[in-house]
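Residue numbers (the numbering used here): 5 to 476. Ideal Cβ placement from N, Cα and C applies to all residues, glycine included. If you're wondering where the values come from, they're calculated on a predicted model, not measured in any experiment. Worksheet for the structure shown next.
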Amino acid sequence: MFDYNRGVSPLYTDYYQLTMGQAYFKNGLHENRASFDYFFRKVPFKGSYVIMAGLHELLSMLESLRFAEQDIDYLKKLDFDDDYLDYLKDFRFNGSIFGMDEGEVVFPTEPILRAEGNLLEVQLIETLLLNTLNFQSLIATKASRIRKSAGQSTLSDFGLRRSQSFGGLQASRASIIGGFDSTSNVLAARIYDIPASGTMAHSFIESFDDELEAFRNYARTFPENCILLVDTYNTLKSGIPNAIKVGQELEKKGNRLAGIRLDSGDLAYLSKKARSMLDREGMEYVKIVASNQLDEHVIKSLKDQEAPIDIFGVGTSMIIGRPDGAIDGVYKLSWAGGKERLKISENLQKTTLPGKKKVLRFFDSEGMFYADCICLEEEENPQKMIHPFEKEKSLEFSGQKSENLFHCQMKDGKINRETPGLFELREKSAARLEKLPPEHKRFDFPHIYKVGVSEKLLNLRQNIVKRLQHYF
Numbered sequence: 005m006f007d008y009n010r011g012v013s014p015l016y017t018d019y020y021q022l023t024m025g026q027a028y029f030k031n032g033l034h035e036n037r038a039s040f041d042y043f044f045r046k047v048p049f050k051g052s053y054v055i056m057a058g059l060h061e062l063l064s065m066l067e068s069l070r071f072a073e074q075d076i077d078y079l080k081k082l083d084f085d086d087d088y089l090d091y092l093k094d095f096r097f098n099g100s101i102f103g104m105d106e107g108e109v110v111f112p113t114e115p116i117l118r119a120e121g122n123l124l125e126v127q128l129i130e131t132l133l134l135n136t137l138n139f140q141s142l143i144a145t146k147a148s149r150i151r152k153s154a155g156q157s158t159l160s161d162f163g164l165r166r167s168q169s170f171g172g173l174q175a176s177r178a179s180i181i182g183g184f185d186s187t188s189n190v191l192a193a194r195i196y197d198i199p200a201s202g203t204m205a206h207s208f209i210e211s212f213d214d215e216l217e218a219f220r221n222y223a224r225t226f227p228e229n230c231i232l233l234v235d236t237y238n239t240l241k242s243g244i245p246n247a248i249k250v251g252q253e254l255e256k257k258g259n260r261l262a263g264i265r266l267d268s269g270d271l272a273y274l275s276k277k278a279r280s281m282l283d284r285e286g287m288e289y290v291k292i293v294a295s296n297q298l299d300e301h302v303i304k305s306l307k308d309q310e311a312p313i314d315i316f317g318v319g320t321s322m323i324i325g326r327p328d329g330a331i332d333g334v335y336k337l338s339w340a341g342g343k344e345r346l347k348i349s350e351n352l353q354k355t356t357l358p359g360k361k362k363v364l365r366f367f368d369s370e371g372m373f374y375a376d377c378i379c380l381e382e383e384e385n386p387q388k389m390i391h392p393f394e395k396e397k398s399l400e401f402s403g404q405k406s407e408n409l410f411h412c413q414m415k416d417g418k419i420n421r422e423t424p425g426l427f428e429l430r431e432k433s434a435a436r437l438e439k440l441p442p443e444h445k446r447f448d449f450p451h452i453y454k455v456g457v458s459e460k461l462l463n464l465r466q467n468i469v470k471r472l473q474h475y476f
């Protein structure tokens, strides 16, 4: 498990990373220079984009990556060679990471990050990189879809109890990048400086003989931030009327009821009734919180029905990335020993792109995202791009402005760019998403964003494939 004071153990990896490391070491290849690309092939949630998240946490872990004495002792039990273990005792990640900024809107097949270093070190970080970026990008993307539905309403992460164990910490972080405002996860709130939020459970109310008395006790304890759960027994006949009574009592003491929460039933109908009942008593200021199996589709439906809900508490669907549960991000060797490398597959879509690359993003005349072109690192402003897998499809550029999305994020094992706060990342992500045309953001049958490769890169891939024909 990750210790936020001491970092993560390099044993947080797959066994074969360490066995390959020993094979490189024993054959004198471990210091050879190499480059790997991180990318994904399929967009989750039947969407067209992904919000890249997890980068700064990854960089922080890489900067402090060390084999502790107990790590080496354990590897001895697995019969790794002593000279290899002696090498690992002094292991540090001294490589460099190039790629897109955290919070960027990214698309399938394009490199998102490139890791460069000696072969052993860039191999050993594969699992940690994939584990961190795949999961947090999944959750940030789900959160961004929920934010799209919620509009200006407040969004709070209520998902910890349904998360994949301690992954709930990273999920809470990623939810903010995707557009959420707060979390019920207190440890995540402390670690990542996220506002903590929450109300009460049904058990608190059930522990009293009377609902009104339960409300009064809670209001007495939290007079300045009292949100009452009104659906334990009967929302309209007891819950809301009792909340109004307590709200009136708070007013007499110079305080105000902060809100009520609906956690079951027809949320559109009940929220409208609740708003009417509260407003009739002069309590227009009381917020309505809704929870219970919410996602982007349910929230969109509630908004379409003009449900007067101010705050949405979203749990399971966001915290586990329902219905997909994973992004199929991969980490593939693209350069080693002074040569471009690739993996060939009978399925052309799994034949990788060789060499050290960057991604140029082109903009239309209105400053909106137009297309992304994958090209070799040294290329300048290619005149056209070609579909990665369908050579007959191409797109010519005629004066569109472009932006290089690749930056040096880590140099020689040290973080190379300023680490922004989570809410800065949220604003950056939202600003970038605004530049993605609406047809790419719709939930049903979104338009596919154009990603292509330069002619020079495509020719390089074809030449290497020809050179490897003897394998077929």
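Check your understanding: Looking only at C-alpha atoms, which of Lys360, Glu459, Phe393 and Gln140 sits nearest to Ile331?
Key -> By one-based count along the sequence shown, residue 331 stands at place 327. Checking every option, the nearest Cα to that of Ile331 belongs to Gln140.
**Study point:** Assumed close pair Ala178, Ile143 - CB separation to whole angstroms, cut-off 8 Å
**Key:** Walking along the sequence shown from the start, residue 178 turns up at place 174. Walking along the sequence shown from the start, residue 143 turns up at place 139. Contact flag correct, Cβ pair sits at about 4 Å.
Check your understanding: Can the beta-carbon of Glu407 be found less than 8 Å from the beta-carbon of Arg436?
Key -> Translated into positions along the sequence shown, residue 407 becomes position 403. Translated into positions along the sequence shown, residue 436 becomes position 432. Going by C-beta atoms, Glu407 is not nearer than 8 Å to Arg436.
Exercise for review: Identify, in the order they occur along the chain, each residue of the same chain with its Cβ nearer than 8 Å to the Cβ of Val469, setting aside the five sequence neighbours on each side.
Suggested key: Residue numbering aside, residue 469 sits at position 465 when the sequence shown is read from its first letter. Result list for Val469: Leu346, Ile348 and Thr355, in chain order.
Check your understanding: Which two residues bound the contiguous alpha helix (DSSP H) that contains Val250?
Key -> Taking the first residue of the sequence shown as position 1, residue 250 is located at position 246. Start and end: Ile244 to Lys256.
Point to revise | Beta-carbon proximity of Ile378 to Pro48, cut-off 8 Å | key: In the sequence shown, the residue the question calls residue 378 occupies position 374. In the sequence shown, the residue the question calls residue 48 occupies position 44. In this structure, Ile378 lies away from Pro48, with their beta-carbon atoms at least 8 Å apart.
Exercise for review: To the nearest angstrom, report how far apart Glu253 and Pro227 are at their CA atoms.
Suggested key: As a first step, residue 253 is located in the sequence shown; it is residue number 249 there, counting from the start. As a first step, residue 227 is located in the sequence shown; it is residue number 223 there, counting from the start. Glu253 and Pro227: Cα-Cα distance of roughly 10 Å.
Review point. Can you list, in chain order, the residues of its chain whose CB lies under 8 Å from that of Arg224, leaving out five sequence neighbours each side?
Key: Locating residue 224 in the sequence shown gives position 220, where the first residue counts as 1. Taken in chain order, the list of residues that qualify is empty.
Exercise for review: For Ala375, write down the residues that DSSP places opposite it in a beta bridge.
Suggested key: Position 371 of the sequence shown, counted from the first residue, corresponds to residue 375. In the DSSP output, where bridge partners are listed per residue, Ala375 has Phe366.
Review point. Taking just the CA atoms, how far does Leu133 sit from Ser13?
Key: As a working note, residue 13 is residue 9 in the sequence shown. As a working note, residue 133 is residue 129 in the sequence shown. So the alpha carbons of these two residues sit roughly 13 Å apart.
Point to revise | Rounded distance between the beta-carbons of Gly202 and Thr239, thought under 8 Å | key: Here residue 239 corresponds to residue number 235 of the sequence shown, with the count starting at 1. Here residue 202 corresponds to residue number 198 of the sequence shown, with the count starting at 1. That pair is no contact at about 20 Å.
Practice item. Report all residues from its chain with a CB closer than 6 Å to the CB of Phe2; omit the five preceding and five following residues, and keep chain order. Key: The question about residue 2 has no answer here: the residues shown for the chain are numbered 5 through 476.
Point to revise | Within 8 Å, strictly: CB atoms of Gly25 and Leu137 | key: For the purposes of this step, residue 25 is identified with residue 21 of the sequence shown, where counting begins at 1. For the purposes of this step, residue 137 is identified with residue 133 of the sequence shown, where counting begins at 1. For Gly25 and Leu137, no; Cβs fall outside 8 Å.
Review point. In terms of residues, what are the limits of the alpha helix (DSSP H) holding His474?
Key: Residue mapping note: residue 474 aligns to position 470 of the sequence shown, counting from 1. Careful: His474 lies outside any alpha helix (DSSP H) and carries neither H nor E.
**Study point:** Assigned secondary structure, Glu222 (DSSP; H/G/I helix, E/B strand, else coil)
**Key:** What you label residue 222 is simply residue 218 of the sequence shown in a count that begins at 1. What sits at residue 222 in the sequence shown is Tyr, not Glu. If DSSP states are grouped into helix, strand and coil, Tyr222 belongs with the helices.
Review point. Met204 by DSSP, collapsed to three states: which one?
Key: Here residue 204 is taken as the residue at index 200 of the sequence shown, counted from 1. Three-state result, Met204: coil.
Point to revise | beta strand (DSSP E) segments (min. 3 residues) lying fully within the segment 27 to 52 | key: 37 to 43
**Study point:** Straight-line gap, Pro112 to Arg421 (C-alpha atoms, nearest Å)
**Key:** Your numbering for residue 112 matches position 108 in the sequence shown. Your numbering for residue 421 matches position 417 in the sequence shown. The alpha-carbon atoms of Pro112 and Arg421 are separated by roughly 25 Å.
Exercise for review: Select from Asp267, Gly172 and Gln404 the residue whose C-alpha is nearest the C-alpha of Glu370.
Suggested key: Here residue 370 refers to the residue found at position 366 of the sequence shown. Selected option, being the one with the closest Cα: Gln404.
Point to revise | Closest residue to Arg260 among Ile231, Ile315 and Ala27 (Cα-Cα distance) | key: Within the sequence shown, numbered from 1, the residue matching residue 260 stands at position 256. Sorting Ile231, Ile315 and Ala27 by C-alpha distance to the C-alpha of Arg260 places Ile231 at the top.
**Study point:** Paired residues, beta bridge with Ala119 - DSSP
**Key:** What you label residue 119 is simply residue 115 of the sequence shown in a count that begins at 1. Note: Ala119 is bridge-paired with Phe40 and Ile101 in the DSSP secondary-structure output.
Point to revise | Gly11 versus Thr131 - alpha carbon distance | key: Locating residue 11 in the sequence shown gives position 7, counting from the first residue. Locating residue 131 in the sequence shown gives position 127, counting from the first residue. Answer to the nearest angstrom: the Cα atoms are 16 Å apart.
Review point. In whole angstroms, what is the alpha-carbon distance linking Arg471 and Glu344?
Key: Within the sequence shown, the letter at position 467 stands for residue 471. Within the sequence shown, the letter at position 340 stands for residue 344. Rounded to whole angstroms, Arg471 to Glu344 spans 12 Å at the Cα level.
Check your understanding: According to the neighbour-count rule (16 or more other Cβ atoms, all chains shown, within 10 Å of its Cβ), is His451 buried or exposed?
Key -> To locate residue 451, count along the sequence shown from 1; it is residue 447. It is exposed - the Cβ of His451 has fewer than 16 other Cβ atoms within 10 Å.
Exercise for review: Per DSSP, which residues does Phe316 bridge with? Please list them.
Suggested key: Taking the sequence shown and counting its residues from 1, the one referred to as residue 316 is at position 312. Phe316 is bridged to Leu159 and Ala294.
Review point. Straight-line CA distance for Arg149 to Glu300?
Key: The residue given as residue 149 occupies position 145 in the sequence shown. The residue given as residue 300 occupies position 296 in the sequence shown. Arg149 and Glu300: Cα-Cα distance of roughly 6 Å.
Exercise for review: Output the boundary residues of the beta strand (DSSP E) element that contains Ile452.
Suggested key: Sequence index remark: in the sequence shown, residue 452 carries index 448 (1-based). Segment: none, Ile452 is in no beta strand (DSSP E) and carries neither H nor E.
Exercise for review: Take the Cβ of Thr145 as the centre, count every other Cβ of all protein chains shown within 10 Å, and call the residue buried at 16 or more, exposed below.
Suggested key: For the purposes of this step, residue 145 is taken as the residue at position 141 of the sequence shown. Buried, since its Cβ has 16 or more Cβ neighbours within 10 Å.
Exercise for review: Output the boundary residues of the alpha helix (DSSP H) element that contains Lys146.
Suggested key: Translated into positions along the sequence shown, residue 146 becomes position 142. Element bounds for Lys146: Glu130 to Ala154.
Check your understanding: Given 8 Å as the limit, is there contact between the segment 90 to 98 and the segment 68 to 81, that is, 3 or more CB pairs closer than that?
Key -> yes
Point to revise | Residue(s) in a DSSP beta bridge with Asn408 | key: Counting from 1 along the sequence shown, the entry for residue 408 is found at position 404. Bridge partners of Asn408: Leu364.
Check your understanding: In angstroms, rounded to a whole number, what distance separates the CA positions of Asp213 and Phe219?
Key -> Locating residue 213 in the sequence shown gives position 209, counting from the first residue. Locating residue 219 in the sequence shown gives position 215, counting from the first residue. Near 11 Å, if we compare the C-alpha coordinates of Phe219 and Asp213.
Check your understanding: Going along the chain, which residues of its own chain have a beta-carbon closer than 7 Å to the beta-carbon of Tyr289, five neighbours each way excluded?
Key -> Position 285 of the sequence shown, counting from 1, holds the residue named residue 289. Same-chain partners within the cutoff: Arg260.
Practice item. May I ask you to report which of helix, strand or coil DSSP gives Asn9? Key: Translated into the one-based positions of the sequence shown, residue 9 becomes position 5. Per-residue confidence for Asn9 stands at a pLDDT of 46, beneath the threshold of 50, marking its modelled position as unreliable; the derived number appears in the next sentence. Of the three classes helix, strand and coil, the one that applies to Asn9 here is coil, per DSSP.
Check your understanding: Which partner residues of Ala311 appear in the DSSP bridge assignment?
Key -> Within the sequence shown, the letter at position 307 stands for residue 311. BP columns for Ala311 are empty, so no partner.
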